[in-house]
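Below: one structure, written as structure tokens.
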Amino acid sequence: MSETAQEILRQEQALAHAKRTLDLEALDRIYADELLLTGVLGEPTCSKSAIIDEVKRGIAERERAMTSGGPIVTSCDNEDVKVATYGDAGIASYRFVVRIKGENIDVHRRYRTTNVWMKRQGRWQIVAAHTAFVLDPRQVATLTESA
137 MSETAQEILR QEQALAHAKR TLDLEALDRI YADELLLTGV LGEPTCSKSA IIDEVKRGIA
197 ERERAMTSGG PIVTSCDNED VKVATYGDAG IASYRFVVRI KGENIDVHRR YRTTNVWMKR
257 QGRWQIVAAH TAFVLDPRQV ATLTESA
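Under our numbering, the first residue of the sequence shown carries the number 137, and numbering increases by one thereafter.
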């Protein structure tokens, strides 16, 4: 694996950690100001500020859940990671799996994510990204039944 691919993998690990811990400062560094992100609903295309706003909502929700007294277990993992590099640019594609379990919540979601990384002024940033839901066979069946 090339040194650039290894750098992208390290950056993806830092991104996963920042998402897991809802680290606003890290996410602000990782995402480029002019980010183009297509989210799971496809429209509209999101910006860096939309991501930061979503993380702030997540922080508020986490704080509310923690004050409710019940324990909450969360995990965010990257699976099936693939990296392609092109000079000072790289693309990472992977499955992002989120699990949240608590007294009144049980969430298990899978997404397919593609991040486009560029090295600028000596540091890597995500300049474009796309995230889509990964549906289980039961969900796919309900979509094809209604078509």
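Heads up, the beta-carbon is just placed ideally off N, CA and C, and yes, glycines get one too.
Proximity of residue 280 and residue 266 at Cβ, strictly below 9 Å: Residue numbering aside, residue 280 sits at position 144 when the sequence shown is read from its first letter. Residue numbering aside, residue 266 sits at position 130 when the sequence shown is read from its first letter. Taking 9 Å as the Cβ cut-off, residue 280 and residue 266 do not qualify as a contacting pair.
Close Cβ partners of residue 138 (< 7 Å) along its chain, the five nearest in sequence each way excluded: Here residue 138 refers to the residue found at position 2 of the sequence shown. Closer than 7 Å at the Cβ level, and outside the excluded window around residue 138, lie 221.
Distance between residue 247 and residue 258 (C-alpha atoms, nearest Å): Here residue 258 corresponds to residue number 122 of the sequence shown, with the count starting at 1. Here residue 247 corresponds to residue number 111 of the sequence shown, with the count starting at 1. Cα to Cα, the separation comes out at about 30 Å.
Proximity below 9 Å, CB of residue 260 to CB of residue 223: For this step, residue 260 is matched to residue 124 along the sequence shown. For this step, residue 223 is matched to residue 87 along the sequence shown. Cβ atoms of residue 260 and residue 223: not closer than 9 Å.
Span of the beta strand (DSSP E) around residue 144: The sequence position of residue 144 within the sequence shown is 8, counting from 1. No beta strand (DSSP E) contains residue 144, which is instead part of the alpha helix (DSSP H) from 139 to 157.
Three-way DSSP call (helix, strand, coil) for residue 194 in this model: The residue given as residue 194 occupies position 58 in the sequence shown. Helix.
At least three beta-carbon pairs within less than 8 Å, the stretch 139 to 158 to the stretch 207 to 221: yes
Neighbourhood of residue 156 by C-beta distance below 6 Å, restricted to the same chain and skipping five residues each side: Your numbering for residue 156 matches position 20 in the sequence shown. The residues are 212.
Local conformation of residue 171 per DSSP, three classes: Residue numbering aside, residue 171 sits at position 35 when the sequence shown is read from its first letter. In the structure shown, residue 171 sits in a strand (DSSP, three-state: E or B).
Whether residue 195 touches residue 238 by CB criterion (9 Å): One-based indexing of the sequence shown puts residue 195 at position 59. One-based indexing of the sequence shown puts residue 238 at position 102. For residue 195 and residue 238, no; Cβs fall outside 9 Å.
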